[in-house]
DNA sequence: TTAATATGATACCAAATGGTATCGGATGGA
DNA sequence: TCCATCCGATACCATTTGGTATCATATTAA
């Protein structure tokens, strides 16, 4: 359905990419700066950055021969929303559980 | 680092698996019931359910020859926590932006 | 008992993924 | 100018992933 949500979740599925996001939380970094912290080549890090960009989780600013990568706050919204849908479900489940305990009669999706 | 968080994010990376989770929000389903809604074999659905179980997002109850799959509320906690870390970051960024506008002097991680 | 059903298990396949190696082009500093 | 460096692009490789096909097993209903 939603290709942006899909790319966002896909970007978060790799531990290296989640690590990159946490490092970017301290400010923007170039590809070379990020590569220092990982046991892989610059090209591999660059690939991860492309996936993160496709997921809308980072933005890029090119200055001279350097490429600065930074977090994109908006990109996290679809993911947070998707998770929140389930939070609402937990609340309903707890409400149902409360009903079951108090009224000894089940009404909700637990059947 | 955290293998459980990793398995959780990996489980959410596939659109079929996210679809399964949303269907399970309406109550538990057997493998055959879930398979009706997808254009793939029962074995493929079963594989997705294994990944979801590895991620701690679902639990399983076997009754006779049927296998009932249901959501596991606890499994979503690590993912929500990880996302929340960035929400806090956005708040800080907004605070910094406010400082910049009001005091015309930058203090935070934007350098 | 017998047949239909719901699943488990295994082998297998094509495509995506994560990674390296290598070449080349711009840019910045001495 | 000259060279180091930061990056883009491409080709290539091994592994993982998403999926099918097939056969075996256990359970339920008639």
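Chains as they are written, first to last, in our numbering: chain P, 70 to 180; chain A, 70 to 180.
Every residue gets a Cβ at the ideal spot worked out from N, C-alpha and C, and that includes glycine.
Chain-order list of residues whose beta-carbon lies under 8 Å from that of residue i (same chain, five-residue window excluded)
i: residue 71 (chain P); result: 147
i: residue 80 (chain P); result: 86, 120, 121, 123, 124, 126
i: residue 170 (chain A); result: Low per-residue confidence applies at residue 170 (chain A): pLDDT is 47, beneath 50, and the placement is therefore not dependable, though the value from the model is reported in the following sentence. So the list is empty, once near-sequence residues are dropped.
i: residue 173 (chain P); result: Note on residue 173 (chain P): pLDDT 45, under 50, position unreliable in the model; the coordinate value appears next. If we look at residue 173 (chain P) and ignore the five residues flanking it on each side, it has no Cβ neighbours.
Beta carbon of residue i nearer than 7 Å to that of residue j
i: residue 100 (chain P); j: residue 111 (chain P); result: yes
i: residue 103 (chain A); j: residue 140 (chain A); result: no
i: residue 145 (chain A); j: residue 107 (chain P); result: no
i: residue 152 (chain A); j: residue 130 (chain P); result: no
i: residue 138 (chain P); j: residue 98 (chain P); result: yes
Beta bridge counterpart(s) of residue i as assigned by DSSP
i: residue 127 (chain A); result: A:140
i: residue 98 (chain A); result: A:138
i: residue 132 (chain P); result: P:135
Heavy atom of the ligand PLP within 6 Å of residue i beta-carbon
i: residue 119 (chain P); result: With respect to the ligand PLP, the structure shown offers nothing to examine, as it has no ligands at all.
Selected residue, minimal CA-CA separation from residue i, among the options
i: residue 83 (chain P); options: P:96, P:95, P:116; result: P:116
i: residue 89 (chain A); options: A:118, A:73, A:76; result: A:118
i: residue 136 (chain A); options: A:153, A:128, A:142; result: A:128
i: residue 157 (chain P); options: A:95, A:105, A:73; result: A:95
Cβ-based neighbour list, residue i, same chain, cut-off 6 Å, excluding 5 preceding and 5 following
i: residue 78 (chain P); result: none
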